[in-house]
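Reviewing the structure listed below.
In our numbering, the protein residues as written are 11 to 266.
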């Protein structure tokens with residue numbers, strides 16, 4: 011891979027990283043610039059955050075990585091403690107945003123990424139952390155949603171397993187719970203971005219339901235389970251509906 015391809019690959023990975031960071035924390039574009047200004051950690055504009063998410067900022071200045079790295083390390087340190095509200099006094103929107111989500115970017119060893127590591131990801135000489143490098147494609151979202159619904163319900167009808175599944179789903183916001191229930195009931199599908207942001211809580215749901223070996227699954231392994239199940243569903247779905255109905259009826263009529 012030449013250096014141009016390396017940089018292009020890095021920019022794509024960095025865009026995905028920033029999107030996943032925002033989506034998993036439920037942040038708007040204003041959160042990072044607000045933290046940078048309030049805490050005196052550097053300077054980054056709302057427009058720069060938006061362009062980074064969409065791969066439209068080709069050559070951000072060093073102050074962008076300085077701000078992002080410092081904010082990330084603050085989130086992993088002081089921002090995770092009891093002094094967070096005091097540091098953000100007079101900024102109720104930021105306090106509320108971090109109360110909803112303050113997950114920092116950590117490498118595969120659990121250490122918070124700093125300015126240098128973020129720059130290395132952007133230019134393609136460092137891989138993003140595995141948990142933030144899922145890259146769920148848009149075309150995968152629908153089959154993965156179907157696979158998720160079947161996996162968490164154990165193939166049982168939603169009506170018979172609804173209460174147990176909703177009790178295991180850890181998110182508390184009503185909007186997320188309603189969306190999750192709609193996906194499980196087959197009334198809608200997750201988008202790729204929604205799946206990415208929900209994946210950790212969906213994994214916790216699987217653990218809460220007693221999925222065998224679920225605690226040992228990493229985020230990418232859980233995603234691979236869903237992808238494999240989606241492939242199997244696609245193969246099974248190639249049969250004609252009428253044929254499936256006839257077989258079901260035959261089985262019922264031939265029973266005791």
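Glycine included, every Cβ here is placed at the ideal spot set by N, Cα and C.
Because the structure is a prediction, the values reported are computed rather than measured.
Please name the residue in 13, 31, 264 whose C-alpha comes closest to that of residue 60.
-> The shortest Cα separation from residue 60 among 13, 31, 264 belongs to 31.
Residue 69 in three-state terms, based on DSSP = Three-state result, residue 69: coil.
For residue 56, the first and last residue of its enclosing alpha helix (DSSP H) | Under the DSSP assignment, residue 56 falls in the alpha helix (DSSP H) whose first and last residues are 56-63.
Beta-carbon proximity check, residue 148 vs residue 202, cutoff 7 Å = Yes; because the gap between Cβ atoms is below 7 Å, this pair is in contact.
With burial defined as no fewer than 16 other Cβ atoms inside 10 Å of the residue's Cβ, what is the status of residue 234: buried or exposed?
-> With fewer than 16 other Cβ atoms within 10 Å, it is exposed.
Following the continuous alpha helix (DSSP H) through residue 131, name the residue where it begins and the one where it ends.
-> Counted as a single uninterrupted DSSP element, the alpha helix (DSSP H) harbouring residue 131 occupies residues 125-132.
Using the beta-carbon count (16 or more within 10 Å), is residue 165 buried or exposed?
-> Residue 165 comes out exposed.
Tell me where the alpha helix (DSSP H) around residue 24 begins and ends.
-> The continuous alpha helix (DSSP H) containing residue 24 extends over residues 13-35.
Do three or more CB pairs link the stretch 66-77 to the stretch 94-114 at distances below 8 Å?
-> These segments do not touch.
Which first and last residues belong to the alpha helix (DSSP H) in which residue 107 is found?
-> It spans 102-110 - the alpha helix (DSSP H) in which residue 107 sits, taken as one unbroken run.
Does the Cβ of residue 85 have 16 or more other Cβ atoms within 10 Å, making it buried, or fewer, making it exposed?
-> The residue in question, residue 85, is buried, as its Cβ has 16 or more Cβ neighbours within 10 Å.
What's the gap between the Cα of residue 122 and the Cα of residue 210?
-> Distance between the alpha carbons of residue 122 and residue 210: 18 Å.
Taking the alpha-carbon positions, what's the residue 58 to residue 162 distance?
-> Spanning the two alpha carbons is a distance of roughly 39 Å.
When the Cα atoms are used, what is the spatial distance from residue 177 to residue 14?
-> Rounded to whole angstroms, the gap between the alpha carbons of residue 177 and residue 14 is 49 Å.
So, using beta-carbon positions, are residue 167 and residue 214 closer together than 7 Å?
-> For residue 167 and residue 214, no; Cβs fall outside 7 Å.
Beta-carbon separation of residue 139 and residue 23 under 7 Å?
-> If you check the CB distance, residue 139 and residue 23 do not come in under 7 Å.
Beta bridge counterpart(s) of residue 86 as assigned by DSSP = Its beta-bridge partners do not exist; DSSP assigns none.
The stretch 182-202 touching the stretch 114-121, judged by at least three CB pairs closer than 8 Å | Contact between the stretch 182-202 and the stretch 114-121 is absent, because fewer than three Cβ pairs lie under 8 Å.
Sub-7 Å separation of residue 240 and residue 151 beta-carbons | No, Cβ-Cβ distance for residue 240 and residue 151 is not below 7 Å.
Might you give, ordered along the chain, the residues of its own chain that have their beta carbon closer than 8 Å to the beta carbon of residue 92, omitting 5 neighbours on each side?
-> Short of 8 Å from the beta carbon of residue 92, and not among the five residues preceding or following it, lies no beta carbon of its own chain.
Rounded to a whole number of angstroms, what is the C-alpha to C-alpha distance between residue 111 and residue 36?
-> Taking the straight line from one Cα to the other gives about 6 Å.
According to DSSP, residues forming a beta bridge with residue 122 = Partner(s): 116.
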